[in-house]
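Take a look at the structure below.
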RNA sequence: GGGGUCGUAGCUUAGCCCGGUUUAAAGCGCAGCACUGUCACUGCUGAGAUCGCGGGUCCAAAUCCCGUCGGCCCCGCCA
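In the working numbering, the protein residues as written are 737 to 1325.
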């Protein structure tokens, strides 16, 4: 298939049709089975495996056959003898009888086995990433990644989007995540930053009239790592002109469905037309802005139901702005005391004072608050949740954020415990109508939930003056199985609205000019109404491949502490370079 | 910044709770020998570990304690 100077075929191609052909293969020595008078070698390349049969009496180099060395074989294809066919192997009907072998390069014994699926220490894998990438899992992942990105490119191209490369060395706009800095040689004391996203550039491209833009964009964020976060990651960045939220969503959901059908054909797709769920509904029912809707276990609000209760935490909730909410866990009566304690502990870690259980046992209900509740209240709660014998209801009373986070978390934990989060199901949806702002108590001001260029919903523009915290945005997140795989918004193109938003965010006009001057100036020259989205494509590929960590889908990732263990970066650089960069190092001891 | 967890031959792990019957064990890999039909070849033989590092307790430490370094997971953070 890929005939080159060093080979006539790749290691997956040969079959009985090639019998008696003279061929040349090149690849890595994966296994050697030495029978004395006959040696078998499994020769591996990216495409597959071919068995080579070597007669050591005829071939002197047979002594040099060492695992993971690179070997070229010239020989003749032979059908395997009766009963010697390996059905597990694509090339299992034949073998190549070596007439001449040449070791093209030798390999030291690798630090871990390439030919094995067993888990290897992460440090080792990252240090020897080039060897880790030889293993089948990583070969598969990187190739699937390529294919997904290719499909994304083709899709947008087909739909008239233009891919534009935006610069990596840009101006810092302290807002949002911490940026990687690049000192300037020519301008002492000044810095470029690496983009945390091409956000402003793509909006400028709309001003330029490109109408439909996309980019497979590398982004950088100098923040701490998680299993699904790397300092350097790839975003499928999209922006469109003359659109409202629905236009952006429909283009992107078609792509999502195409990708899921092509790359995860064995999974059950819960929705082909994605549901739109408001942020409010997501928070109320699922306790999260990225709900996992593969299972229900919905949160119920019983604040009003228990407002007359003898249990003060319940009866006083409303007057202090708290919510009393709970979850019905079908079959939850089997949870052990220890499990219930764990739920309570995690509730406390989210800032709740406690978590109340009502276990519907055979003889009746077991609950620490039973003595405070009137029988009709107990009945009302039972009815509200639809609880029956064998179930458990977990109730939490706290402020909106805490009650959502607590129950949202416990919902997922219970979903896991009850095996409701089916790995073979994909349940995508859109979460829409996010609040424009989020209150930042530590800074005593409102912050943009999405970013400061997000447009408010038309019907909420008036709220900006009166109750900005109630205003909703034309923002949308693409959520898959409880994971946010993309997010975007319709942007503000009206300078008046934009300056009002800056005011609310306590960004002064001078400040705005300093940080976003380029964008504001551009918007004086006819910006079209526009909006867009960015996909975290690494995360999406991770889900397609059922991989638990983003590192598994990135060829050369950083470790948990953002180091490159293979290259040894970051590293010190020669004094000369420091000088030229016009910076001085002042280490805190 | 905080919490959790792990660190024992090249790799993967057992032993650690409850210190001494352990000359620190096993599988894989590696080296040597034998073998013409294997495909995770097989059989035999062998080398390979001061148990991450430093300190402490103890007659005695892989095992208990303190510190430290490193990997991973989580919280904060990620407009």
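Where a beta carbon is used, it is the ideal one built from N, C-alpha and C, also for glycine.
{"Item": "State the DSSP-derived secondary structure class of residue 771, mapped to helix, strand or coil.", "Value": "coil"}
{"Item": "Which residue or residues does DSSP assign as beta-bridge partners of residue 766?", "Value": "Answer is none; residue 766 lacks a bridge partner."}
{"Item": "Measure the CB-CB distance between residue 938 and residue 983 and report whether it falls below 8 Å.", "Value": "no"}
{"Item": "Determine the DSSP secondary structure at residue 838, reduced to helix, strand or coil.", "Value": "strand"}
{"Item": "To which residues of the same chain is residue 1037 closer than 8 Å at the C-beta, ignoring the five residues directly before and after it?", "Value": "1020, 1059, 1060, 1061"}
{"Item": "Threshold first: 3 residues or longer. Then list the beta strand (DSSP E) segments lying entirely within the stretch 1016 to 1076, N to C.", "Value": "1035 to 1037, 1059 to 1065"}
{"Item": "With a 10 Å radius around its C-beta and 16 neighbouring C-beta atoms as the bar for buried, classify residue 780 as buried or exposed.", "Value": "buried"}
{"Item": "In chain order, which beta strand (DSSP E) runs of at least 3 residues are fully inside the stretch 1146 to 1183?", "Value": "1164 to 1168, 1173 to 1176"}
{"Item": "Out of curiosity, what's the CA-to-CA distance linking residue 1192 and residue 1233?", "Value": "9 Å"}
{"Item": "Do you know how far the Cα of residue 837 is from the Cα of residue 798?", "Value": "8 Å"}
{"Item": "Mind checking residue 1136: buried by the 16 CB within 10 Å criterion, or exposed?", "Value": "exposed"}
{"Item": "In terms of alpha-carbon separation, which member of 1018, 1284, 1091 lies closest to residue 1166?", "Value": "1018"}
{"Item": "What do you reckon, are the CB atoms on residue 765 and residue 815 nearer than 8 Å?", "Value": "no"}
{"Item": "When you compare the CB positions of residue 1188 and residue 1229, do they come within less than 8 Å of one another, or not?", "Value": "no"}
{"Item": "Can you tell me whether residue 954 is buried or exposed, with buried defined as 16 or more other CB within 10 angstroms of its CB?", "Value": "exposed"}
{"Item": "Closest to residue 1274 by C-alpha separation, out of 1268, 1267, 1285, would be which residue?", "Value": "1285"}
{"Item": "Helix, strand or coil for residue 1266 per DSSP?", "Value": "strand"}
{"Item": "By how many angstroms is the C-alpha of residue 1194 removed from the C-alpha of residue 1169?", "Value": "11 Å"}
{"Item": "What number of angstroms, rounded off, separates the C-alpha of residue 1035 from the C-alpha of residue 1063?", "Value": "5 Å"}
{"Item": "How should residue 924 be labelled, buried or exposed, when 16 other C-beta atoms within 10 angstroms of its C-beta is the threshold for buried?", "Value": "exposed"}
{"Item": "Can you find at least 3 beta carbon pairs, one from the stretch 789 to 803 and one from the stretch 751 to 760, that sit closer than 8 Å?", "Value": "no"}
{"Item": "Count the C-beta pairs between the stretch 1044 to 1054 and the stretch 1072 to 1085 that are closer than 8 Å, then say yes if the count reaches three, no if not.", "Value": "no"}
{"Item": "DSSP on residue 893, reduced to helix/strand/coil?", "Value": "helix"}
{"Item": "For residue 874, which three-state DSSP category applies?", "Value": "helix"}
{"Item": "For residue 727, count the other beta carbons within 10 Å of its own beta carbon; 16 or more makes it buried, fewer makes it exposed. Which is it?", "Value": "Residue coverage of the chain in this structure runs from 737 to 1325, which leaves residue 727 outside it and unanswerable."}
{"Item": "Are the beta-carbon atoms of residue 1204 and residue 1173 separated by less than 8 Å?", "Value": "yes"}
{"Item": "Quick one: residues in its chain with C-beta nearer than 8 Å to the C-beta of residue 1241, no 5 flanking neighbours on either side, listed in chain order?", "Value": "1173, 1181, 1182, 1183, 1184, 1188"}
{"Item": "What residue range is occupied by the uninterrupted beta strand (DSSP E) comprising residue 811?", "Value": "806 to 815"}
{"Item": "State the start and end residues of the unbroken beta strand (DSSP E) segment that holds residue 919.", "Value": "917 to 919"}
{"Item": "Restricting to Cα atoms, I'd like to know which of 1219, 1025, 1082 is closest to residue 1211.", "Value": "1025"}
{"Item": "Between the stretch 1292 to 1310 and the stretch 987 to 998, do three or more beta carbon pairs fall short of 8 Å?", "Value": "no"}
{"Item": "Using 8 Å as the threshold, is the C-beta distance between residue 1207 and residue 1199 below it?", "Value": "yes"}
{"Item": "Could you give the uninterrupted runs of the beta strand (DSSP E) lying entirely in the stretch 896 to 950, keeping only those of 3 residues or more?", "Value": "917 to 919, 927 to 929"}
{"Item": "Tell me which same chain residues have a C-beta within less than 6 Å of the C-beta of residue 1142, skipping the five on either side of it?", "Value": "1083, 1086, 1088, 1132"}
{"Item": "Which of the three DSSP states, helix, strand or coil, is assigned to residue 879?", "Value": "helix"}
{"Item": "Mind reading off the beta-carbon distance from residue 1298 to residue 919? Whole number of angstroms is fine, and I expect it under 8 Å.", "Value": "At roughly 19 Å, the Cβ-Cβ gap does not stay under 8 Å, so residue 1298 and residue 919 are not in contact."}
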